[in-house]
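Everything below concerns the one structure shown next.
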Amino acid sequence: MKTNRFLWVWLLLTLVLGFGLGLAYTWVISPVEYVDAEPLVLRDDFKDHYRAAIAAAYASTGDLERARARLTLLGDPNPSQVLTAQAQRMLATGESSEVVQQVAMLAAALQGEVGTNLPTEIPTSSPEPIRQSISTSTSTPETSLPTSEIEPTNTPVPLSTATARPTRTSTPTLGAPYQLVGQDTVCDSELAEGLLQIVVINVTRNQIPGAEIVITWSGGEEHIFTGLKPELGNGYADFLMAPDVTYSVRMADGGTPASGITPSTCTASDGNNYLGGQLITFQQP
Amino acid sequence: MSRWLSILIALTLGIALGLGYGWMINPVQYTDITPEALRIDYRTDYVLMVAEAYQAEQDPALAARRLAVFGSEPPAAIAGEAEDFAHQAAYSSDDLVLIQELTVALQTWQPIPGTSMP
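Heads up: the protein sequence lines correspond to chains A and B, in order.
The numbering used here applies: residue 1 is where the first sequence begins, and numbers increase by one.
The numbering used here applies: residue 1 is where the second sequence begins, and numbers increase by one.
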């Protein structure tokens, strides 16, 4: 009886040992090899490559349905947001503006499909439409206005911009110069102080996403893109100006620059002064 | 003798159970794979994307950089493999033409020494 019990213990231990050996072989020595994987399980940086390729293809073909189907493979819950974030990461890492623009354009195109209630046109160079869109955005947590303070070093802090929902017709024509059609002072205490707002439109006054803007000042230069804040308009971009610094703004594709731009001095209803902003409008003829 | 036989059978059974569990029931999960492991149809679609972009950009170096995510295999070979699959899978003629054009461009393209691939 005792011998039998001893045997069962040995059998059990041997079984466990064999199970462990089998696991070690399958998990460590010869694990399952994935040779037919889906894009969903790609490493994050390769997913960025994949999205960039989708955007590049979209920029060439304009086939949004195909681009959307491809993005679905990556399993992103909100592809346009992911693309916008990727465009900002790419900007930060010094990726070429063409590639960033492609990603931003696709994000904007997807935003357009979502059907936000944002203005797709601005009627005049008046700052009013912009302010209207901004005040609308404050009701949405994700689209809140930037409120970061200007750094004490007088180094302008660029606000992130993004692309928005372009239609094929609002895509900028490469090489066509832009005209400066509006330069207005904006006094709105609800906006960040020294906010430089830029709107880029085409000949039909549709806003143009993905347009590169060059902002220069003494000892510095910054490149930003329209459409990275699609909630404020496809052709919208902004930048925080530092006090006592004079800026020049131009489109990277050429055209009339806006120069001598400084934060304006505004007076609030309580009599206190504060830094106002500027609204610059470029139009592609 | 029968005792050793029992132990051997138990060991074999344990190993079989371990193999079955480790390979089928709960295999190693990969979440951060590289594009080399993509299924051939996804690889081909990626190449098609590159071909679509190449159609507008006409930049074989940029196309080669995009294909470099598949590893050290020559870009022309990657495109050629995709072209073969596209034929087998009866891709549309437009897509086939795009991939063919990319393949030809990469076959004739000479990379500049010293340029890096991602």
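No residue lacks a Cβ here, since even glycine has one placed at the ideal position from N, Cα and C.
Can a CB atom of chain A be found closer than 8 Å to the CB of residue 92/B? no
Identified DSSP bridge partners for residue 183/A: 280/A
For residue 286/A, I'd like the list of residues in its chain whose CB is within less than 6 Å of its CB, leaving aside the five on either flank, ordered along the chain. Not covered by the structure: residue 286/A. The range shown for chain A is 1 to 285.
Check each candidate in 229/A, 273/A, 205/A, 263/A and name the one with the smallest Cα separation from residue 83/A. 229/A
Measure the beta-carbon distance from residue 70/B to residue 36/B and round it to whole angstroms, keeping in mind my assumption that it falls under 8 Å. 6 Å
Proximal chain A residues relative to residue 50/B, where beta-carbon distance stays under 9 Å: 53, 56, 57
Grab me the residues of residue 167/A's own chain with a C-beta within less than 6 Å of its C-beta, minus the 5 sequence neighbours each way, in chain order. In this prediction, residue 167/A scores a pLDDT of 39, lower than 50, which makes its location untrustworthy; the coordinate-derived value is nonetheless stated afterwards. Counting only Cβ-Cβ distances below 6 Å, and skipping sequence neighbours, we find nothing.
Answer yes if the segment 267-275 of chain A comes into contact with the segment 8-22 of chain B, meaning at least three C-beta pairs across the two stretches below 8 Å, and no otherwise. no
Answer with yes or no whether the minimum CB distance from residue 9/A to chain B is below 8 Å. no
Can you tell which of 37/A, 222/A, 30/A has its C-alpha closest to the C-alpha of residue 32/B? 37/A
Measure the C-alpha to C-alpha separation of residue 305/A and residue 244/A and round it to an integer number of angstroms. Residue 305/A lies beyond the stretch modelled for chain A, which goes from 1 to 285, so this question has no answer here.
Boundaries of the beta strand (DSSP E) in which residue 260/A is found, first to last residue: 258-261
Residue 79/B: which of 68/B, 102/B, 59/B, 90/B sits nearest, CA to CA? 102/B
Over the uninterrupted alpha helix (DSSP H) stretch that includes residue 4/B, give me the two end residues. 2-20
Identify the contact partners of residue 38/A in chain B, using a Cβ-Cβ distance below 8 Å as the criterion. 38, 39, 42
Count the other C-beta atoms from every protein chain shown that fall within 10 angstroms of the C-beta of residue 6/A, then say buried if there are 16 or more, exposed otherwise. exposed
Use the C-beta contact count for residue 201/A: other C-beta atoms within 10 angstroms, 16 or more gives buried, fewer gives exposed. buried
Chain A beta carbons: is any one of them nearer than 8 Å to that of residue 61/B? no
Identify which residue in 23/B, 108/B, 58/B, 48/B has its Cα closest to the Cα of residue 98/B. 48/B
So, under 8 Å CB-CB, residue 235/A and residue 213/A are touching, yes? Tell me the CB distance rounded to an integer number of Å. With a Cβ gap of about 10 Å, residue 235/A and residue 213/A do not count as contacting.
Could you give the DSSP three-state label for residue 24/B: helix, strand or coil? helix
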